[in-house]
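Student: Submitted below is the structure of interest, expressed as structure tokens.
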Amino acid sequence: MEIQQQTLKHSVKFSGIGLHSGKKITGILHPAPEDSGILFQIKNRDSNSTAIPARFRNIGGLSYNTGLQSNGVSVLTVEHLLSALNGLQIDNAIVELNNGEVPVMDGSAAPFVYLLSEAGIVQQKLPRRVMRLVSNLRVERDGAWIEAEPSDSDRLEIEYSIDFNHPVIGKMQCSYVNDPVVYCRAIAPARTFGFLKEVEYLRSKGLIKGASLKNAVVLDDQRIISGSLRFPDEFVRHKILDFWGDIVLLGRPLIAKIKAHRAGHKLHAMLVEQLLKTPGILEPALEKTPHRIFNLVPKLSCSS
Ligand SMILES: [Zn+2]
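Numbered according to the numbering used here, the sequence shown spans residues 3 to 306.
Here is the structure:
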């Protein structure tokens, strides 16, 4: 059976602080028609608005966040909200903002999941169109890599591993198969993380003006200084969360098996770029209800 596109039932307001700009931001998530995708709408004081579709061609900065830009207007830190929309399989929505950054909230996607569930999700008339990967692809950079191969499960699945030279993090690995219930419970609450020793450097670059111990897991050289973790492997789960947001920039849901090692926003974007640039590597398809045997596959398995 074909699966229909989804949007929000109602508009819902939110507000918070921009992680990088430090500005107070208010926004509204709105329903959108079929095939419109995710659209950011930045309104200035005179209520003039600029629309920025969440598509690869509009990528702006990729330094410690994923930013988009169009017609000289930019929006920073879109990845956690895009991740929540993708995690809940919302195809079409308008994100109205009074400033060019999505609020960081608590550093995870859980507050956006809560907002989206408050707004409600409705099915639309047209079927969801996906992109199926038909041959292997690898991108790499500075010892980090992502490999993509065709999937037989009819879903996007990912195996992510990280390796940090830090006593709290070290090596961690987590596998996740697209499933909204598992996303809400096991991926969305994982917070972004950062290192105290990088704070001065990032501030000198005009970044993380809104960062605090309340919106990130913060580590010094030895330990976590921002309180307890939500999961023992919260770091690698957040990497999956970030990937789930960045992959939205492909424009349609991807059906593929991904392996990522020590990757980040730049490599996620390189993967999307190569997927779009490589002729014949993606095949358009309609999403089908998963085959029964798919339900036997574990949706999440982690080791650290
Ligand atoms: Zn993140």
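For every residue, glycine included, the Cβ atom is placed at its ideal position computed from N, Cα and C.
Does DSSP put Val104 in a helix, a strand or coil?
Tutor: Working through the sequence shown from its first residue, we reach residue 104 at position 102. In this structure, Val104 counts as coil in the three-state DSSP scheme.
Student: Is it true that the stretch 195-214 meets the stretch 13-28, where meeting means three or more beta-carbon pairs spaced less than 8 Å apart?
Tutor: yes
Student: Are the beta-carbon atoms belonging to Leu10 and Val124 less than 9 Å from one another?
Tutor: Here the question's residue 10 lines up with position 8 in the sequence shown. Here the question's residue 124 lines up with position 122 in the sequence shown. Yes, these two residues count as a Cβ contact at 9 Å.
Student: Let me check understanding here. Comparing Cα to Cα, which of Gly39, Asn138, Phe195, Gly145 lies closest to Gln126?
Tutor: Taking the first residue of the sequence shown as 1, we reach residue 126 at position 124. Checking every option, the nearest Cα to that of Gln126 belongs to Gly39.
Student: Could you tell me if Lys207 is buried or exposed, where buried requires 16 or more neighbouring beta carbons within 10 angstroms of its beta carbon?
Tutor: In the sequence shown, residue 207 corresponds to position 205, counting from 1. With fewer than 16 Cβ atoms within 10 Å of its Cβ, Lys207 is classed as exposed.
Student: Based on the DSSP secondary-structure assignment, which residues constitute the bridge partners of Cys186?
Tutor: Locating residue 186 in the sequence shown gives position 184, where the first residue counts as 1. Looking at the DSSP assignment, Cys186 forms no beta bridge with any residue, so it has no partner.
Student: With a threshold of 8 Å (Cβ to nearest heavy atom), would Leu243 be considered close to ligand 1?
Tutor: Start at 1 with the first residue of the sequence shown, and residue 243 comes out as number 241. Because some heavy atom of ligand 1 lies under 8 Å away, the Cβ of Leu243 counts as near it: yes.
Student: Would you say the beta carbon of Thr194 is closer than 8 Å to some non-hydrogen atom of ligand 1?
Tutor: Against the sequence shown, residue 194 aligns to sequence position 192. Yes, since a heavy atom of ligand 1 falls inside the 8 Å radius drawn around the Cβ of Thr194.
Student: What does the alpha-carbon distance come out to for the pair Gly145 and Leu251?
Tutor: Translated into the one-based positions of the sequence shown, residue 145 becomes position 143. Translated into the one-based positions of the sequence shown, residue 251 becomes position 249. Computed Cα separation, rounded: 24 Å.
Student: Indicate whether Ser119 and Leu90 have their beta-carbon atoms separated by less than 9 Å.
Tutor: Here residue 119 refers to the residue found at position 117 of the sequence shown. Here residue 90 refers to the residue found at position 88 of the sequence shown. The answer is yes: Cβ separation under 9 Å.
Student: Is the CB-CB distance between Leu117 and Leu41 below 9 Å?
Tutor: Residue numbering aside, residue 117 sits at position 115 when the sequence shown is read from its first letter. Residue numbering aside, residue 41 sits at position 39 when the sequence shown is read from its first letter. Going by C-beta atoms, Leu117 is not nearer than 9 Å to Leu41.
Student: For ligand 1, is there a heavy atom less than 8 Å away from the beta-carbon of His12?
Tutor: Walking along the sequence shown from the start, residue 12 turns up at place 10. Checking the Cβ of His12 against ligand 1 gives no.
Student: With a cut-off of 8 Å, do at least 3 Cβ pairs link the stretch 186-205 to the stretch 95-115?
Tutor: yes
Student: So what's Lys259 in DSSP terms, helix, strand or just coil?
Tutor: Here the question's residue 259 lines up with position 257 in the sequence shown. Lys259: strand per DSSP, three-state reduction.
Student: Is the beta carbon of Leu243 sitting closer than 9 Å to the one on Ala111?
Tutor: By one-based count along the sequence shown, residue 243 stands at place 241. By one-based count along the sequence shown, residue 111 stands at place 109. Going by C-beta atoms, Leu243 is nearer than 9 Å to Ala111.
Student: Could I get the ranges of all uninterrupted beta strand (DSSP E) runs contained in the stretch 211-277, with 3 residues as the minimum, in chain order?
Tutor: 219-221, 259-263
Student: Beta strand (DSSP E) containing His168: first to last residue?
Tutor: What you label residue 168 is simply residue 166 of the sequence shown in a count that begins at 1. His168 -> no beta strand (DSSP E), and no H or E assigned at all.
Student: Given 8 Å as the limit, is there contact between the stretch 67-84 and the stretch 149-161, that is, 3 or more CB pairs closer than that?
Tutor: These segments do not touch.
Student: By how many angstroms is the C-alpha of Ser153 removed from the C-alpha of Ile295?
Tutor: Numbered from 1 along the sequence shown, position 293 holds the residue referred to as residue 295. Numbered from 1 along the sequence shown, position 151 holds the residue referred to as residue 153. Low confidence applies to Ile295: its pLDDT is 45, below 50, so where it sits in the model is not reliable, and the reading given next is rough at best. Going from the Cα of Ile295 to the Cα of Ser153 covers about 14 Å.
Student: Beta-carbon within less than 7 Å of Gln224's beta-carbon, same chain only, minus the 5 sequence neighbours each way: which residues are those?
Tutor: Along the sequence shown, read from residue 1 onward, the residue named residue 224 stands at position 222. Answer for Gln224: Pro169, listed in chain order.
Student: Only counting the same chain, and skipping five residues up and downstream in sequence, which positions put a Cβ closer than 6 Å to that of Leu302?
Tutor: Working through the sequence shown from its first residue, we reach residue 302 at position 300. Within the same chain, Leu302 has close Cβ partners Tyr178, Val184, Ala188.
Student: So the alpha helix (DSSP H) Glu81 belongs to, where does it begin and stop?
Tutor: Locating residue 81 in the sequence shown gives position 79, counting from the first residue. Here the alpha helix (DSSP H) through Glu81 covers 81-89.
Student: Along the chain, where does the alpha helix (DSSP H) that runs through Glu120 open and close?
Tutor: Position 118 of the sequence shown, counted from the start, is the residue given in the question as residue 120. Following the DSSP letters along the chain, one finds Glu120 inside the alpha helix (DSSP H) bounded by residues 112-121.
Student: Decide if Ser236 is buried, meaning its Cβ has at least 16 other Cβ atoms within 10 Å, or exposed.
Tutor: What you label residue 236 is simply residue 234 of the sequence shown in a count that begins at 1. The sequence given here places Glu at residue 236; Ser does not occur at that position. The residue in question, Glu236, is buried, as its Cβ has 16 or more Cβ neighbours within 10 Å.
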